[in-house]
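Asks:
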Amino acid sequence: MRDDDLYKELSEADSEDLEKYLRDLAKLKKIREEEKLKEENEKLKKTINENNKKLEEIGKNIRKVEKKADKINIIGNGSSKPKNGRNIKSNVSEDVEPDGIKIPLPKSNQKSVVRKNDSLRFSEPQEAPKKTVKKKVQKPVTKKIVKTQKVTKKVNVGPTSKQLKKAQKQVKANEAKQKKPKKKRGFLGRLVLLILLFTIVGGGTYFAFHYVKNQKGYYTVAVFGVDSRDGNVGKGALSDVNMIVNVNRETGDIQLVSIYRDMYSMIDSDGKFHKFNQAYVEGGPEQAMQTLNRNLDMDLKEYITVNWKAVIDAINILGGVDLEVTDAEFKYLNSFIAKTVEATGVGSHELEHAGMNHLDGVQAVAYARLRLMDTDFNRTERQRKVVSLAFDKAKSANFSTLYSILVAVLPQTSTNVGINDLIPFAKDISKYHLSETAGFPFDKDTKKMHRRDYVVPVTLKSNVIALHQMLFGKIPGYTYTPSEELIKISNKIIKDSGLGADKEDTDVNVDTDLEGAIGISPHKDDGETKEGEHIEDESKEDESGDETRQDESSDETDLESQSETGSE
């Protein structure tokens with residue numbers, strides 16, 4: 001089984017299995033690398049041993065020559081007399097040099113010996129009238145004169161070949177590499193960590209990463225923030241954060257679009273309509289991806305899911321973020337900090353004042369989840385602010401910091417994102433930056449339907465056209481035409497909400513496959529939202545998550561009781 005296939009299987013298992021797999025994989029890679037280096041060293045050492053044997057043979061021959069050289073003086077351009085007073089002609093022939101390697105002579109008064117091409121040659125000596133050593137006469141070489149080397153028995157003499165020097169150098173390099181393996185993560189490792197961090201700091205994220213075909217240079221990322229403080233990142237978890245991130249690989253621009261979790265959406269293939277984040281509760285990653293693609297005319301397939309504690313850990317390792325807290329936000333922030341500490345087990349402290357504050361991981365997560373004093377629109381804006389600040393800080397962090405984030409977050413993560421999808425970013429990671437943020441739908445209204453408050457796109461069709469233009473409109477010749485399914489969904493929303501009929505020509509008599517597919521219990525519409533009712537309802541979803549998970553047939557008394565408990 002390939003490592004990638006095993007990784008995909010473990011992604012669906014618990015975090016302990018994933019962590020163990022990653023540790024074993026790292027050990028395996030290290031062992032493979034060490035074995036490879038050992039094999040290379042064995043080959044090089046074998047080559048060195050063979051050359052050493054040759055050098056020993058050369059040394060033996062040199063010692064034979066040395067015995068004779070002790071009895072004679074090598075004559076250069078002048079002459080000298082040995083003890084017997086006779087002039088001696090001496091020219092060592094190449095015949096005494098084994099393996100064709102020139103042998104350096106012992107130290108003498110010789111001045112005309114030169115080295116050429118790793119060999120020694122001698123200039124023509126003066127003729128001696130008497131006894132000579134009968135050797136072949138070597139042709140004179142008139143080059144720069146250098147001193148000869150002294151040959152001793154203790155020194156392994158003879159010129160070292162370039163190949164041998166290169167082999168020795170390679171052995172030393174490999175031995176050093178074995179002792180201290182170099183980290184080869186570089187830009188790619190930094191990139192993976194940045195992308196991972198970018199997707200989790202918005203509120204415990206579910207991340208889908210997919211190359212948009214026929215749109216050169218673009219990657220589109222869908223992010224679902226999962227409220228899974230109990231560790232669950234699959235079916236049954238609440239997606240508090242819903243984001244689309246569009247990356248232009250050519251310019252480095254990153255666009256960030258927050259999708260309101262209360263948006264009235266078709267959440268399954270049966271035509272059921274509910275709040276956007278209900279899709280993840282009912283069907284986990286698969287249904288959430290289908291809901292995104294169906295309601296936004298997109299094609300997203302890969303994902304990563306991270307829980308709340310992972311978000312806190314990542315921001316804490318980065319050293320926190322600095323941001324301005326308004327008086328209204330400060331009024332509720334300490335309460336959210338206390339609840340986040342209780343839910344995650346990570347320590348923190350209350351803020352002392354509004355204004356500029358340095359927030360740790362717990363405080364930043366609590367800030368991103370605030371909504372009691374305003375609306376979901378403001379909360380998504382706060383989430384984007386935290387994402388932007390953390391992303392900028394991560395870009396300037398060293399690799400050690402980013403690696404610590406990976407170690408802390410990965411065991412709390414489930415993903416099917418392939419590493420090959422990230423490689424195109426590796427070359428110019430420093431050029432990426434957040435260029436534009438927005439909330440979707442752009443043109444919207446609120447409407448109470450079936451005892452729930454919804455964010456209604458006015459209209460879905462026109463908003464999706466604007467979304468595609470924002471994300472991909474810079475592509476030369478790009479045009480987008482809404483699909484038939486999207487048009488049917490848009491028309492159904494207009495019919496159910498009564499909003500947007502006057503904005504575009506719409507046939508509200510939609511096809512029967514969408515007719516009546518509201519997908520929630522037929523409670524009576526209580527009319528317009530009463531003051532404070534929306535806050536209580538949404539607060540309950542934030543703190544307990546029970547309302548969305550419970551069966552929709554619960555009676556009104558139970559629902560109201562749960563709402564009051566959540567707001568407390």
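Quick note on UniProt numbering: the sequence shown kicks off at 1 and runs consecutively. Built from N, CA and C at the ideal position, the CB exists for glycine as well.
In chain order, what residues of the same chain have a beta carbon less than 6 angstroms from the beta carbon of methionine 263, not counting five sequence neighbours either side?
Replies: What you label residue 263 is simply residue 263 of the sequence shown in a count that begins at 1. Counting only Cβ-Cβ distances below 6 angstroms, and skipping sequence neighbours, we find Phe276, Val455.
Asks: How about the stretch 306-321 and the stretch 351-369: do they share at least three Cβ pairs that are nearer than 8 angstroms?
Replies: yes
Asks: Hey, how far is the Cα of arginine 549 from the Cα of glutamine 278?
Replies: Locating residue 549 in the sequence shown gives position 549, counting from the first residue. Locating residue 278 in the sequence shown gives position 278, counting from the first residue. For arginine 549, the predicted structure reports a pLDDT of 41, less than 50, and the residue's modelled location is therefore unreliable. The matter cannot be settled from this model.
Asks: Taking buried to mean at least 16 other C-beta atoms within 10 Å of its own C-beta, is glutamate 50 buried or exposed?
Replies: Here residue 50 refers to the residue found at position 50 of the sequence shown. Counting Cβ neighbours within 10 Å, glutamate 50 comes out exposed, since fewer than 16 surround it.
Asks: For isoleucine 405 and alanine 366, which I take to be in contact (beta-carbon distance under 8 angstroms), what is that distance rounded to the nearest angstrom?
Replies: One-based indexing of the sequence shown puts residue 405 at position 405. One-based indexing of the sequence shown puts residue 366 at position 366. Contact between isoleucine 405 and alanine 366 fails: their C-beta atoms lie close to 20 angstroms from each other, not under 8 angstroms.
Asks: Does the separation of the CB atoms of threonine 437 and leucine 256 fall below 8 angstroms?
Replies: Counted from its first residue, the sequence shown places residue 437 at position 437. Counted from its first residue, the sequence shown places residue 256 at position 256. Against a cut-off of 8 angstroms, the Cβ pair of leucine 256 and threonine 437 comes out as a contact.
Asks: Measuring only the C-alpha atoms, how far is aspartate 374 from aspartate 322?
Replies: For this step, residue 374 is matched to residue 374 along the sequence shown. For this step, residue 322 is matched to residue 322 along the sequence shown. A straight line joining the alpha-carbon of aspartate 374 with that of aspartate 322 spans about 22 angstroms.
Asks: Taking the beta strand (DSSP E) that glycine 439 falls in, what are its first and last residues?
Replies: Here residue 439 is taken as the residue at index 439 of the sequence shown, counted from 1. It spans 433-440 - the beta strand (DSSP E) in which glycine 439 sits, taken as one unbroken run.
Asks: Is alanine 222 buried or exposed, if buried means 16 or more other CB atoms sit within 10 Å of its CB?
Replies: Numbered from its first residue, the sequence shown carries residue 222 at position 222. Alanine 222 is buried by the Cβ-count criterion.
Asks: DSSP has arginine 452 in a bridge; who is on the other side?
Replies: In the sequence shown, the residue the question calls residue 452 occupies position 452. Answer by DSSP bridge pairing, in chain order: Met449.
Asks: Could you check the C-alpha separation between arginine 452 and serine 497 for me, to the nearest Å?
Replies: For the purposes of this step, residue 452 is identified with residue 452 of the sequence shown, where counting begins at 1. For the purposes of this step, residue 497 is identified with residue 497 of the sequence shown, where counting begins at 1. For arginine 452 and serine 497, the distance between alpha carbons rounds to 12 angstroms.
Asks: If you run the structure through DSSP and keep just helix, strand and coil, what is threonine 479?
Replies: The residue you call residue 479 lines up with position 479 of the sequence shown. Threonine 479: coil per DSSP, three-state reduction.
Asks: Is DSSP giving tyrosine 219 helix, strand or coil here?
Replies: Working through the sequence shown from its first residue, we reach residue 219 at position 219. Correct three-state label for tyrosine 219: strand.
Asks: May I ask you to verify whether the stretch 231-241 touches the stretch 282-294, counting CB pairs closer than 8 angstroms and requiring at least 3?
Replies: Segments in contact, yes.
Asks: Helix, strand or coil: which one does DSSP assign to valine 133?
Replies: Position 133 of the sequence shown, counting from 1, holds the residue named residue 133. Reliability fails at valine 133, whose pLDDT of 49 lies under 50, so the model's placement of it is uncertain and the value that follows must be treated cautiously. In the structure shown, valine 133 sits in coil (DSSP, three-state: anything other than H, G, I, E or B).
Asks: Please classify tyrosine 478 as buried or exposed, where buried requires at least 16 neighbouring CB atoms within 10 angstroms.
Replies: Sequence index remark: in the sequence shown, residue 478 carries index 478 (1-based). Counting Cβ neighbours within 10 Å, tyrosine 478 comes out exposed, since fewer than 16 surround it.
Asks: Could you check the C-alpha separation between phenylalanine 399 and leucine 318 for me, to the nearest Å?
Replies: To locate residue 399, count along the sequence shown from 1; it is residue 399. To locate residue 318, count along the sequence shown from 1; it is residue 318. Answer to the nearest angstrom: the Cα atoms are 11 angstroms apart.
Asks: Which stretch, first to last residue, makes up the beta strand (DSSP E) that contains glycine 355?
Replies: As a first step, residue 355 must be located in the sequence shown, where it is residue number 355. Taken as a continuous stretch (DSSP letters only), the beta strand (DSSP E) holding glycine 355 covers 355-359.
Asks: On the criterion of 16 or more Cβ atoms from any shown chain inside 10 Å, does aspartate 230 qualify as buried, or is it exposed?
Replies: On the sequence shown, residue 230 is found 230 positions in, with the first residue counted as 1. Classification for aspartate 230: exposed.
Asks: If you count every other CB in all the chains shown that lies within 10 Å of the CB of aspartate 327, and 16 or more means buried, which is it?
Replies: Within the sequence shown, numbered from 1, the residue matching residue 327 stands at position 327. Result: exposed.
Asks: Apply the 10 Å Cβ neighbour rule to valine 306 and answer buried if 16 or more other Cβ atoms are within range, or exposed otherwise.
Replies: On the sequence shown, position 306 is the one that residue 306 refers to. Around the CB of valine 306, 16 or more other CB atoms lie within 10 Å, so the residue is classed as buried.
Asks: Just list the residues that DSSP pairs phenylalanine 336 with in beta bridges.
Replies: Position 336 of the sequence shown, counted from the first residue, corresponds to residue 336. BP columns for phenylalanine 336 are empty, so no partner.
Asks: Apply the 10 Å Cβ neighbour rule to arginine 379 and answer buried if 16 or more other Cβ atoms are within range, or exposed otherwise.
Replies: Here the question's residue 379 lines up with position 379 in the sequence shown. So arginine 379 counts as buried.
Asks: Could you compute how far the alpha carbon of glycine 59 sits from the alpha carbon of lysine 29?
Replies: Taking the first residue of the sequence shown as 1, we reach residue 59 at position 59. Taking the first residue of the sequence shown as 1, we reach residue 29 at position 29. Cα-Cα distance, rounded: 45 angstroms.
Asks: Would you grab the beta carbon distance between valine 341 and serine 348 for me? Rounded to a whole angstrom, and I think it's under 8 angstroms.
Replies: Here residue 341 corresponds to residue number 341 of the sequence shown, with the count starting at 1. Here residue 348 corresponds to residue number 348 of the sequence shown, with the count starting at 1. Rounded, the Cβ-Cβ distance is 5 angstroms, consistent with contact.
Asks: CA-CA distance, leucine 44 and glutamate 35?
Replies: Here residue 44 is taken as the residue at index 44 of the sequence shown, counted from 1. Here residue 35 is taken as the residue at index 35 of the sequence shown, counted from 1. Looking at the two C-alpha atoms, the distance is approximately 14 angstroms.
Asks: Could you say which of Asp24, Lys38, Gln290 lies nearest to glycine 271 if we only look at CA atoms?
Replies: Your numbering for residue 271 matches position 271 in the sequence shown. Distance from the Cα of glycine 271 is smallest, within the candidate group Asp24, Lys38, Gln290, for Gln290.
Asks: Between the beta-carbon of isoleucine 244 and the beta-carbon of threonine 220, is there less than 8 angstroms?
Replies: One-based indexing of the sequence shown puts residue 244 at position 244. One-based indexing of the sequence shown puts residue 220 at position 220. Going by C-beta atoms, isoleucine 244 is nearer than 8 angstroms to threonine 220.
Asks: Aspartate 3 by DSSP, collapsed to three states: which one?
Replies: Counted from its first residue, the sequence shown places residue 3 at position 3. Its pLDDT being 49, under 50, aspartate 3 is placed unreliably by the model, and the measurement read from it follows with that caveat. Reduced to three states, the DSSP call for aspartate 3 is helix.
Asks: Looking at alanine 288: is its Cβ nearer than 8 angstroms to the Cβ of phenylalanine 224?
Replies: Mapped onto the sequence shown, residue 288 falls at position 288. Mapped onto the sequence shown, residue 224 falls at position 224. Yes, the Cβ-Cβ distance between alanine 288 and phenylalanine 224 is below 8 angstroms.
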